[in-house]
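Peer 1: Structure provided below as structure tokens; questions to follow.
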Amino acid sequence: MFEVKATQHVLAVKDIEKTESYFLDKLGFSVRFRVDGWSFLSLGSFHIMLGHCPDELPARDTHEHSYFAYVNCEGIDEIYHDYQQRGAEIFQAISDKPWGIREFGVATPEGHRIMFGEDIERSGNS
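First residue of the sequence shown? That's 1 in UniProt numbering, and the numbers climb one at a time after it.
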């Protein structure tokens, strides 16, 4: 039977050291391993592959207004406050959305965006 165990997102970055440091220091990721221009990072089962691509246009310069990942999580207020204390670039403040999700968004130094969301408990609804 088919089962998704985790996802792994591939990001082309101009400055791999700066971007890796941001993911580690500001977003709480850890290094799985590094090899020849690649850095493999994880936050639980949320995996990122940073590829050093110095000739690529940074994500911020593409004027793309979407995000590359949406992380469904629990404990969203805890991680939001942690990211505030760490100085992460929060482009969308935490709020309850009409579609039943509490969410916020962060961006990397090169402009890649990630959304975090948690289902809102609905008491009295069936």
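Glycine included, C-beta positions come from ideal geometry on N, C-alpha and C.
1. Pick from Met1, Val71, Leu43, Glu110: whose alpha carbon is nearest that of Arg102?
2. Use the C-beta contact count for Ser95: other C-beta atoms within 10 angstroms, 16 or more gives buried, fewer gives exposed.
3. Does the Cβ of His112 have 16 or more other Cβ atoms within 10 Å, making it buried, or fewer, making it exposed?
4. Can at least three beta-carbon pairs, one atom from the segment 19-31 and one from the segment 40-53, be found at a separation below 8 Å?
5. Give the straight-line distance between the Cα atoms of Leu11 and Val106, rounded to the nearest whole angstrom.
6. Which value, in whole angstroms, describes the spacing of the CA atoms of Lys14 and Arg34?
7. With a 10 Å radius around its C-beta and 16 neighbouring C-beta atoms as the bar for buried, classify Ser39 as buried or exposed.
8. So, for Ser30: in the same chain, excluding its five sequence neighbours on each side, which residues have a beta-carbon less than 8 Å away from its beta-carbon?
9. When you compare the CB positions of Tyr67 and Ile114, do they come within less than 8 Å of one another, or not?
10. Pop quiz: Thr19 and Glu110 are said to be a contact at Cβ under 8 Å. What is the actual Cβ separation, rounded to whole angstroms?
11. Between Ile120 and Phe104, how many whole angstroms is the CB-CB distance? I'm expecting something under 8 Å.
Peer 2: On the basis of the coordinates in this document:
1. Val71
2. exposed
3. buried
4. Yes, the segment 19-31 is in contact with the segment 40-53.
5. If you take the alpha carbons of Leu11 and Val106, they lie about 15 Å apart.
6. The alpha-carbon atoms of Lys14 and Arg34 are separated by roughly 16 Å.
7. buried
8. Leu24, Leu41, Ser42, Leu43
9. Their beta carbons are under 8 Å apart, which means Tyr67 touches Ile114 by this criterion.
10. Right, the Cβ-Cβ distance comes to about 6 Å (below 8 Å), so this counts as a contact.
11. Rounded, the Cβ-Cβ distance is 13 Å, inconsistent with contact.
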